[in-house]
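K.L.:
Numbering (this note's numbering), first residue to last: 512 to 799.
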């Protein structure tokens, strides 16, 4: 009798664990975990708050930590959705597939990366070539690009950030897939976009970058030109949509397979007219 009870209990535990695991993979739950990009965390929270008002039976928790953190969480089945400011690498997709997870990509917004200085800085525009030279350490003093005589304080997001990766690939390496340029050893790696914004607001020699949704009156966004013969362009919604601003990118969500149930409801809301109004309200660019 004892042996029979043990078998029955063991069988029930196996069924419960299997059911729980299946629910986590399918998104068939009323509690969703979203992790990833610090650029997108405020946007994700705004979407979640509005969605939960409309759907009180579903709770959503949104946390940052960087795109790499979100991707790792998705691969390890620790979230339902990851927010990223770069595409997953082939190696990351293969890691997920080995664990039975097929990443499903959804573009949910667009963003222009603003390059910012303190409002007291006289510099108001730079070319992509100048940006590459500054962030790789070839140019070290503001006077070399027409500014005041002071060392440039380079601020960057940390290496786990999708914004860091995008800026390195598209600005430092100028879109060259085989490029090897790296950030100058003097660059200060900051834990968040807000940390860069705060430092720039109080340091007249600082130069940093972040999603244009973080721009305030305490920082000055520079106009950027593709080269010395191209027009200098502001990071604005219109210029990101027209692709005239050189440092623009999609903001992405990945789900575990094609979204279903509560995950699908949330994605549908994000891509709806109301969801895209939130994108514009937070100074990002709607995809629709």
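We put the CB at the ideal spot given by N, CA and C, even for glycine.
1. Is it buried or exposed for residue 784, if we count other Cβ within 10 angstroms and need 16 for buried?
2. Please specify which runs of the beta strand (DSSP E), each continuous and at least 3 residues long, are wholly inside the stretch 707 to 763, giving them in chain order.
3. Output the distance between the C-alpha atoms of residue 663 and residue 625, rounded to the nearest integer angstrom.
4. Give me the residue from 553, 636, 762 with the minimum Cα distance to residue 656.
5. Taking the alpha carbon of residue 755 as the reference point, which residue from 780, 743, 668 has its own alpha carbon closest?
6. Among 688, 593, 698, which residue has its Cα nearest to the Cα of residue 644?
7. Are the Cβ atoms of residue 661 and residue 716 separated by less than 7 Å?
8. Give the single residue among 736, 703, 746 whose Cα lies nearest to the Cα of residue 553.
9. Can you tell which of 684, 678, 587, 798 has the C-alpha that lies nearest to the C-alpha of residue 762?
10. I need the boundaries of the beta strand (DSSP E) containing residue 701, first residue and last residue.
11. On the CB-based measure, 16 or more other CB atoms within 10 Å of its CB, does residue 613 come out buried or exposed?
12. Roughly how far, in whole angstroms, is the beta-carbon of residue 611 from the beta-carbon of residue 595, given that I think they are within contact range, below 8 Å?
13. Along the chain, where does the alpha helix (DSSP H) containing residue 625 start, and where does it finish?
14. With distances taken from CA atoms, which of 597, 621, 592 is nearest residue 787?
15. Going along the chain, which residues of its own chain have a beta-carbon closer than 7 Å to the beta-carbon of residue 638, five neighbours each way excluded?
16. What is the rounded straight-line gap between the Cα of residue 683 and the Cα of residue 734?
P.N.:
In brief:
1. exposed
2. 717 to 722, 734 to 736
3. 17 Å
4. The residue among 553, 636, 762 with its C-alpha nearest the C-alpha of residue 656 is 636.
5. 743
6. Restricting attention to 688, 593, 698, the CA atom closest to the CA of residue 644 is found in 698.
7. yes
8. 703
9. 798
10. 699 to 701
11. exposed
12. Their Cβ separation, rounded to whole angstroms, is 20 Å, which puts residue 611 and residue 595 out of contact at 8 Å.
13. Note, residue 625: premise wrong, no alpha helix (DSSP H); beta strand (DSSP E) at 614 to 628.
14. 621
15. 736, 738, 739
16. Rounded to whole angstroms, residue 683 to residue 734 spans 17 Å at the Cα level.
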